[in-house]
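**Q** Following this message is one structure expressed as structure tokens.
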Amino acid sequence: MKAIVNIYLKEGVLDPQGKAVHHALDSLGFDSVKDVRVGKQIVLDLDAKNKEEIEKEVKQMSETLLANTVIEDYDIEIVE
Amino acid sequence: MKAIVNIYLKEGVLDPQGKAVHHALDSLGFDSVKDVRVGKQIVLDLDAKNKEEIEKEVKQMSETLLANTVIEDYDIEIVE
Amino acid sequence: MKSLNVSILQFPGTNCEYDTVYAFKRLGHNTNVIWHKEESIPADTDLVVVPGGFSYGDYLRCGSIAKFSPVMKSVIAYANDGGRVLGICNGFQILTEAGLLPGALKRNDNLHFISRHQHLKVVNSNNDFLKKCKEGEVLYIPIAHHDGNYFVDDETLSDMYDNAQVLLKYCDSEGNPMVVNGSVEQIAGVCNKDKNVFGLMPHPERAMESILGSKDGIRMLEGFGI
Amino acid sequence: MANEALENIEEVLSAHKLSYADYEHMKQILGREPNLVEIGIFSAMWSEHCSYKSSKKYLNGFPTKAPWVIQGPGENAGVIDIGGGMAAVFKMESHNHPSYIEPFQGAATGVGGILRDIFTMGARPVANLNSLRFGDIEGNSDTAKYQRHLVKGVVEGIGSYGNCMGVPTIGGEMSFESCYNGNILVNAFSLGLAKSDEIFYGKAEGIGNPVIYVGSKTGRDGLGGAVMSSDSFTEESKKLRPTVQVGDPFTEKLLLEACLELFKTDYVIGIQDMGAAGLTSSSFEMAGRSGSGMVMHLDKVPAREEGMTPYEFMLSESQERMLICAKKGTEDKIIEIFHKWDLDASVIGEVTDTGRMELFWYGEKVADVPVDPVSEEAPILDRPTKRPEYLDEIAKVGIDDFEKVSNQEAFEKLLSSNDIIDKAWVYEQYDSMVQTNTQKHPGSLDASVIRVKENGCAIAMSSDCNPRYCYIDPFVGAAYAVMESGRNVAMSGATPLAITDCLNFGNPENPEVMWQFAQSCEGIKEACANMETPVVSGNVSLYNETNGVSIYPTPAIAMVGVNDDENRVLGSKFAKEGSKLLLLGDTTGEFGASLYMKELYNTVAGTLKEPDYTAEARLWEFVIKANKYGLLLSAKDVNIGGIAMAVAKMSALSGIGAEINTNF
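Same order as they appear, the protein sequences are chains A, B, C and D.
For reference, each letter of the first sequence is one residue, going 141 to 220 in our numbering.
For reference, each letter of the second sequence is one residue, going 141 to 220 in our numbering.
For reference, each letter of the third sequence is one residue, going 388 to 613 in our numbering.
For reference, each letter of the fourth sequence is one residue, going 6 to 669 in our numbering.
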């Protein structure tokens, strides 16, 4: 069982990495880019359990450790 | 139009960050975790074009800037 | 100047604990390095210092893993009943992650590690930390960090101003604001509402002797001893 | 022991860069056909990097002795006495090729490797320098873009590793020449402090003493382009993996603290870090130094990946690992220390008196090789040398062959050279102040200086080499590098004591490159002997050549000196308005391979004046003594760009102008 947690800065919180990547893409001539956000993707390899239990557990991991909920949002995707 | 680029270390390449997160999850009692890989997710907001063109352009961005192809692999997802 | 018992925490990856010991010893205090797996800090502790470094390699987020170490439970209890805690650089990051200080520290806006001497303006000095400094005074203190870009939402920021919780701001030699790492309103140091938990990104323990470039750190650390 | 002769022996040998003569030599040493594990061992121990086979001939004869030298070349690092019962342990290493492929990780693991060489001797690393050479970074050519990518990655990589380890990067050297377009140079220097009677060496003595593996788990890092998953070495079994090793400074910081904690006990007989060729070089070198044998059970090595073979365990270059020979009975106590720091620790073998390296895999012997012949009989190549013709053409060129330019124009052109401008955009990415000892920071010109809390002295260090000088005259250019690094140290009021070096050269199979190497070694020998600054450690990096273009000879020299009073450290910039400016030494019109000729006429040519060691020694002594009597406010050596650039730098740094009256 695999769980994918995507973590990104909340709306309104300036993303220095996103800004820098956007600037670099512009200077390389990719002018169709309107905005760039850079976040973390954490891929967890877990012992097989039922989906709900896995989701609950991964949510708890995200709340306590994986994300800093003061400035970050996250979403979870479970992959069979 | 949105393009999501997920970037992660190639298989077999040491992931010190994944190792540290795995160790932390263990010590917090989440013992169903077998492995952890930490990667980057870049979300690009793009002017609407046809899908193939977007895909080609984002692939080029990934090859030249977003991913370090010596030690990283990446996959691209286009979201209407 | 009374001599304090200073407990200095040591996490895997901390690397400024012995600099901090050296600085407080020069001020005549007793120091004690506490391994992060200790369940409690010494009962006679007068001040806890969370020193600089790369706890857990700064992996995932600076301080994100250190906040779960056994010793932090007793530090949080100590702070909640009025004990004084000072977080320097990585220590400041750990205290924000542990919820003892408001806000969060993001990657510097130029994405680079920054290490140099930096001028700081004292914004509020009526607290145990900066009471030996004068408001408006400019100090010259080393900074060395990759994630010093302080963020706090506007609402919390205005509360902090009302409670005199903003202590230090980055400035130039004349005291005018200076952008260093993208911090909200160039904030370099803050404290909590009860003014017993302090955090700053610059390193006062690196500014204790003129042969190293500045002595301004002495006045910053002496405040606790009065 | 599975030992049938390998079918495709030619392919196996070429993959391991071994000649058929080497193969015959191996059979003669073993008395039988070597198996794959043994071929891997020989290929590692007889590689250029480990055996110095092309350079060994010229490396003996270096002056290595002096009253203050505790340990010269032959160990992991050199050791000198700095007074008050303290010793300085230092070395320089190169990580050139990996940094060209992956700049961040290449440079980072270079720093990690040199730090391990220091703390394996029992010393806490207290200061790092680095010497970086890049190609053309200006303009929009693909080369320039890739060079800028390399500069960014190398600087970030060095910073990421050193900063996390809490070791200040207090200085360095960075210059740009087109010859480095295909081969950048990343040389990392580190210096540590220890009590002079608590130095640890890489030996393995005492029959039955345990051999303990500590640090990170082993993976298939850096196993060359091909990995053999089966005994036969065929095209299909090759699985191309990134040859790049990834560094984990956090784990190395734990390894440093665990080792320093271990050194406070008396459990350790010997210890060595696993550098190039990992477990092979560390085990063979430790056993070799003690003339003992060793048994190792490779199935006991902590593994990060499944299905690894004995071959892979012996040759893996995973980072952050050490090998310890300990006193029998202390195994559990040692393992406890490393487990406290969340590190792997496993007893993988013991010392024997057979003089042989016997390797087992789940009880079955997979390799049996005599230790001494592997290092003693490593082939020493006597490669042909030939004086390059280009030397005759460029010797004729003089500054007067070029059309005059106004002094103002020349001054501004030199001042804007990438070799001159202040590199704050680089060194501000390095923590230069952690450990609160740094007195002369990066960017303060000439030597970098730290004070020693234990004995109140100050240590000055400087890494120097002018590749253009070495191109037009490898002998004198190398001698100049020794003198310049010493002069920088002396200008801070410290007495130069000893050097370490990183000899970066092109392809040794090219006789002209081999001639350059031989000449530079002689130049270093002469200068070190005359200046009484022996060589205590060093490194050689060859094959720095791409598409037939070899780099300029670049013998980077790092000098270390001691100032017995931390309150008498001399700065380089102007200190006070109205103070007098003295020029020491005589000025003759030397323009050979000058910055002037390069920046204004895009030419590297001319000749170098013979070194005057007595004048140099007098200069050093004069500044050191005058400083002791408190007569000097600051001092700076005159180097590239001559007096003009020296004064410009001193004034730019202090914001104080200067008036120079020249009577020529």
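Note that the Cβ used here is the ideal one computed from N, Cα and C, for glycine as well.
1) Judging by CA-CA distance, which residue of Val191(D), Ile385(D), Met488(D), Gly334(D) is the nearest neighbour of Phe510(D)?
2) On a Cα-Cα basis, can you pick out the residue from Cys462(D), Glu398(D), Ile556(D), Tyr432(D) that is closest to Arg473(D)?
3) Cutting at 6 Å between CB atoms, please list the residues of its own chain near Val198(A), excluding the five before and the five after it.
4) Of the choices Leu575(D), Glu604(D), Ile665(D), whose alpha-carbon is the least far from that of Lys633(D)?
5) Trp520(D) by DSSP, collapsed to three states: which one?
6) Per DSSP, what kind of secondary structure is Glu203(B) in: helix, strand or coil?
7) Is there a C-beta anywhere in chain C that falls below 8 Å from the one on Asn208(A)?
8) Might you give, ordered along the chain, the residues of its own chain that have their beta carbon closer than 7 Å to the beta carbon of Ile574(C), omitting 5 neighbours on each side?
9) Given that a residue counts as buried once 16 or more other Cβ atoms are within 10 Å of its Cβ, and exposed if not, what is Ala350(D)?
10) In the structure shown, what three-state DSSP assignment does His506(C) receive?
11) For chain D, is any of its Cβ atoms less than 8 Å away from the one on Glu203(B)?
12) Would you mind stating whether Gly693(D) and Glu381(D) have Cβ atoms separated by less than 8 Å?
13) Is the separation between the beta-carbon of Leu587(C) and that of Gly569(C) shorter than 8 Å?
14) Any beta carbon of chain C sitting closer than 8 Å to that of Leu149(B)?
15) Who are the Cβ neighbours of Lys150(A) in its own chain at under 8 Å, not counting the five residues just before and after it?
16) Since Val172(D) contacts Val131(D) with CB under 8 Å, what's their CB separation in whole angstroms?
17) Can you check whether the C-beta of Gln157(A) is within less than 8 Å of a C-beta belonging to chain C?
18) Name the two residues that bound the continuous alpha helix (DSSP H) containing Ile14(D).
19) On the three-pair Cβ rule with 8 Å, is the region 574-588 of chain D touching the region 89-104 of chain D?
20) Just to confirm before moving on: does the CB-CB distance between His506(C) and Asp559(C) stay below 8 Å?
21) How many angstroms separate the CA atom of Asp304(D) from the CA atom of Gly354(D)?
22) Could you say which of Ser146(D), Ile142(D), Val159(D) lies nearest to Arg153(D) if we only look at CA atoms?
23) For Met179(D), collect the residues of the same chain with a Cβ closer than 7 Å to its Cβ; drop the 5 residues on either side in sequence, then sort them by chain order.
24) At what residue ranges does the region 380-455 of chain D contain a whole run of the beta strand (DSSP E), taking only runs of 3 or more?
25) Three or more C-beta pairs under 8 Å: does that hold for the region 68-84 of chain D against the region 542-554 of chain D?
26) Which two residues bound the contiguous beta strand (DSSP E) that contains Asp337(D)?
27) Check Lys142(A) in the structure and name its three-state DSSP category.
28) Applying the 10 Å Cβ sphere with the 16-neighbour rule, what's the burial state of Tyr395(D)?
29) Kindly list, in the order they appear in chain B, the residues whose Cβ is closer than 8 Å to that of Gly227(D).
30) List, from N- to C-terminal side, the beta strand (DSSP E) runs of 3 residues or more that fit wholly inside the region 22-108 of chain D.
31) Run down chain A in chain order and give the residues with a C-beta less than 8 Å from the C-beta of Ser451(C).
32) Using a Cβ-Cβ distance under 8 Å, would Tyr443(C) count as near chain B?
33) Closest to Glu161(A) by CA distance: which of Val153(B), Arg177(B), Met201(B), His162(B) is it?
34) Can you list the alpha helix (DSSP H) stretches of 4 or more residues lying completely in the region 475-509 of chain D, in chain order?
35) So, is the C-beta of Ile211(A) closer than 8 Å to a C-beta in chain C?
36) With a threshold of 8 Å between beta-carbons, can Tyr435(D) be considered close to chain C, or not?
**A** According to the structure data:
1) Val191(D)
2) Ile556(D)
3) Ala143, Ile216
4) Leu575(D)
5) helix
6) helix
7) yes
8) Tyr537, Val553, Lys556
9) buried
10) strand
11) no
12) Because chain D is modelled from 6 through 669, residue 693(D) falls outside the range shown and cannot be assessed.
13) no
14) no
15) Ile211, Glu212, Asp213
16) 7 Å
17) yes
18) 14-20
19) no
20) yes
21) 11 Å
22) Ile142(D)
23) Leu137, Lys428, Val431
24) 443-445
25) yes
26) Not the beta strand (DSSP E): Asp337(D) falls in the alpha helix (DSSP H), residues 336-345.
27) strand
28) exposed
29) What Gly227(D) touches in chain B: nothing, since even the nearest Cβ is about 11 Å away.
30) 74-76, 83-88, 91-99
31) Leu205, Asn208
32) yes
33) The identity of residue 161(A) in the sequence shown is Val, whereas the question assumes Glu. The residue with the shortest Cα to Cα distance from Val161(A) is Met201(B).
34) 479-496
35) yes
36) yes
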